[in-house]
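What follows is one structure encoded as structure tokens, with my remarks underneath.
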Amino acid sequence: MAIEIIIGAWVATGLTLFIFTFLYKDNPLFKLAENLYVGVSVGYTIIKTYDTVVVQLIWRPIVENGEWALLVPVAIGMLMLTRYVPKAAWISRYAFAFIVGVGSGLAIPRTISSFILKQIEDTVRPLLTLVPGEGVTFTWSLLNPSSSLNTIIILIGVSSVLFYFFFSVEHTGPGKVVARTGIIFLMIAFGAAFGYTVMARMSLLIGRLTDLIEFTDPSYGRPSFWLAGLTILMLVVMARRSSSKQSKEEEK
Amino acid sequence: MTFAERMLRIDRRIIFLVIGLCTLIPLLYPVGLPIKISQEVRGVYDHIESLPEGSVFLLSLDFDPASKPELHPQSISLLRHAFKKNLRVIAMTLWVSGTGMADQVVTQVAREMGKESGKDYVFLGWSPGGTAVIINMGQDLYGAFPADYSGKPTKGLPVLQGVANLRDVNYAVSLGAGNPGVEAWYVFGKDKYKFELGGGCTGVMAPGLYPLLRSGQINGLIGGLRGAAEYEILIDQKGKAIAGMDAQSATHLAIIVLVIMCNLFYFSSRNRARQQGGEVA
């Protein structure tokens, strides 16, 4: 096995175990892994951005292909750096205005079309279906998303939740019933979202444990065993040190 | 202090240990619980299956290493399926922090399936701009990515023959862990340039994407590790996702039991407190 893969396995195992130590309590090993994660992520992003943007998309096209028009977006981008010079900071507003203007112009119509109009279109569905030869039919299947029963449930859900967020009318009498129905739909939605979140978090744990099991293989040098032992030893030493320090302080 | 009160004050590290063991034991000794294929995952599979050989398949790996356990198995399965069907694969990412990992997975699966870079597939890498990159690709793919990840000019690559922009893509799948991801590909890509779109996402994001699925804005959705396991079954290649499903079921069961127990203990201690309050009064 290539040496870089073995080193990678040892580093990954060590950092995973260091992060897991937080489950016991906050400690310097966790802090080391956490800071390394942040540092490496930021460093990687800076290097990739510099290489892709500055070198490949700006420097090379200008120097090698003579695409001088690229200097215009470069100049607009450079205006943003004036934020660091208080007297010239106002110039950066032109760059921000350009970005906000273009961004809004691109995003607003597309977002309205995709998330509002299309979703309204999908919500307003016929409750009954006209099937040639069979006449008007009503489908009861809960498992079929486009069944008539599900269409009614969606209609009730959307209407009641919208009413719950309608604060101009006091929620009393029949309004209270509708608002309460809206709360039930909201709770079901939150429950589903939370269930998926639990599933996702467990998947992350499964991913790390799968790697730790894989790294118990002798071809990697069994980093999971060695580093788990080392981590536990370090936690014990740190716990003893802090307890002896505490008892000394109490004696004083 | 009653048993219920003692249990409600239990050290949280014991719960961590229980969850850890429920995850670890099934990983070491898998049972092989059955996995049912959902319609949303089948939607993506069926569409790729229906594509003729040589069709253009775009896979956008919009995630970083933090979402690797869920989305890495999905990307491996999708790439294996696309290569098996001899589709022309265009891979890319909208997440700068995921560039290296995306390159690694594409290269690894391509090598495993005997595919050649530039001829059978291309990894375009990352380009700045997020959603603007999608719009740029919709107008001119070569403008958005003048060179691929290895620095080769994209113009003239055999894999991109006849592909000028996103309108020439037969099927696109975004594996997203956030923004930009599946939603961005729909809003700025499919809605404007009219290509078929499927999605893959982390479990956290899945409930938010179901409205897009129901309305037909995306034709399939692979949600989390569970979705990846279903896809592995569909392509008949067992991987890390299937291996993790027993552990997933065991932890879910443990969490359900813990929630029920906590509620029982809570109501029991509340009733006791009320009774004691009544007696005092």
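For the record, the sequence lines run as chains A and B.
Be aware that the first sequence starts at 67, since it is given in the working numbering, and climbs by one per residue.
Be aware that the second sequence starts at 26, since it is given in the working numbering, and climbs by one per residue.
We treat Cβ as the ideally placed atom computed from N, Cα and C, and that holds for glycine.
Reference leucine 172 of chain A, options B:Glu30, B:Ile281, B:Val158 and B:Gln133, closest by Cα: B:Val158
What does DSSP give as the partner residue(s) for valine 188 of chain B in the beta ladder? DSSP output for valine 188 of chain B lists no bridge partner at all.
Under 7 angstroms Cβ-Cβ, which residues of chain E neighbour alanine 78 of chain A? Structure shown: chain E not included; protein chains present are A and B.
Endpoints, beta strand (DSSP E) assigned at valine 147 of chain B: 146–151
In terms of DSSP beta bridges, what is aspartate 87 of chain B paired with? B:Gly201
Three-state class that DSSP yields for alanine 306 of chain B in the structure shown: Annotation note: pLDDT 49 at alanine 306 of chain B (below 50); position unreliable, coordinate value reported separately. Note: alanine 306 of chain B maps to coil in three-state DSSP.
What residue does the alpha helix (DSSP H) around glutamate 221 of chain B start on, and which one ends it? Per DSSP, glutamate 221 of chain B belongs to no alpha helix (DSSP H); it is in the beta strand (DSSP E), 221–226.
Below-8 angstroms beta-carbon distance, isoleucine 165 of chain A vs any chain B residue: no
Among B:Gly168, B:Leu222 and B:Gln242, the one whose alpha carbon lies nearest that of leucine 183 of chain A: B:Gln242
Using a threshold of 8 angstroms, state whether the C-beta atoms of leucine 191 of chain B and glycine 155 of chain B are closer than that. no
How would you list, in chain order, the residues of chain A whose beta-carbon sits under 8 angstroms from the beta-carbon of phenylalanine 148 of chain B? Ordered by position in chain A, no residue passes the 8 angstroms Cβ test against phenylalanine 148 of chain B, which lies about 13 angstroms from the chain.
Output needed for threonine 282 of chain A: all residues of its chain with C-beta closer than 7 angstroms, excluding positions within five of it in sequence on either side, in chain order. Arg288, Ser290 and Phe291
C-beta atoms of glycine 271 of chain B and glycine 57 of chain B nearer than 8 angstroms: At residue 271 of chain B the sequence reads aspartate, which differs from the glycine that was named. Contact flag set, yes.
Select from the stretch 180–208 of chain A all residues with a C-beta closer than 8 angstroms to any C-beta belonging to chain B, and list them in chain order. Ser180, Phe181, Lys184, Gln185, Glu187 and Asp188
If you measure from the beta carbon of tyrosine 286 of chain A to each beta carbon in chain B, is any gap under 8 angstroms? no
List, in chain order, every chain A residue whose beta-carbon is nearer than 9 angstroms to that of alanine 268 of chain B. Ile272 and Thr276
At least one CB of chain B closer than 8 angstroms to the CB of isoleucine 72 of chain A: is that the case? no
Hey, does valine 104 of chain A have any beta-carbon neighbour from chain B nearer than 8 angstroms? no
Residues in the same chain with beta-carbon distance under 7 angstroms from isoleucine 101 of chain B, minus the five sequence neighbours each way, listed in chain order, please. Val130, Val134 and Gly264
Please list the segments of the alpha helix (DSSP H) lying wholly inside the stretch 198–253 of chain A, counting only runs of 4 or more residues, in order along the chain. 214–230
Could you tell me which residues DSSP puts in a beta bridge with serine 142 of chain B? B:Tyr146
Counting C-beta neighbours from all protein chains within 10 Å, is the total for valine 151 of chain A 16 or more, i.e. buried, or is it exposed? exposed
Check whether chain A comes within 8 angstroms of threonine 118 of chain B, counting only Cβ atoms and requiring the distance to be less than that. no
Kindly indicate which three-state DSSP category glycine 248 of chain B falls into: helix, strand or coil? strand
In chain A, what lies closer than 9 angstroms to isoleucine 247 of chain B by C-beta? Within chain A, no residue comes near isoleucine 247 of chain B; the closest Cβ sits about 13 angstroms away, beyond 9 angstroms.
Touching by the beta-carbon criterion (3+ pairs, under 8 angstroms), the stretch 308–316 of chain A and the stretch 114–126 of chain A: no
Would you kindly work out how many angstroms separate the C-alpha atoms of valine 140 of chain A and isoleucine 186 of chain A, rounded to a whole number? 41 angstroms
Does the distance from the C-beta atom of aspartate 71 of chain B to that of valine 114 of chain B stay below 8 angstroms? no
Can you find a CB in chain A that lies within less than 8 angstroms of the CB of isoleucine 280 of chain B? yes
So what does DSSP say about isoleucine 115 of chain B, is it helix, strand or coil? strand
Just the C-alpha distance for tryptophan 76 of chain A and asparagine 161 of chain B, rounded to the nearest angstrom, thanks. 41 angstroms
Using beta-carbon positions only, say whether tyrosine 235 of chain B and isoleucine 247 of chain B come within less than 8 angstroms of one another. no
Short CB-CB distance (under 8 angstroms) between threonine 276 of chain B and chain A: yes
C-beta contact flag for glycine 273 of chain A and lysine 93 of chain B at 8 angstroms: yes
Just list the residues that DSSP pairs leucine 196 of chain A with in beta bridges. A:Val202
Give a yes or no on whether the C-beta atoms belonging to glycine 252 of chain B and glutamine 64 of chain B are separated by under 8 angstroms. no
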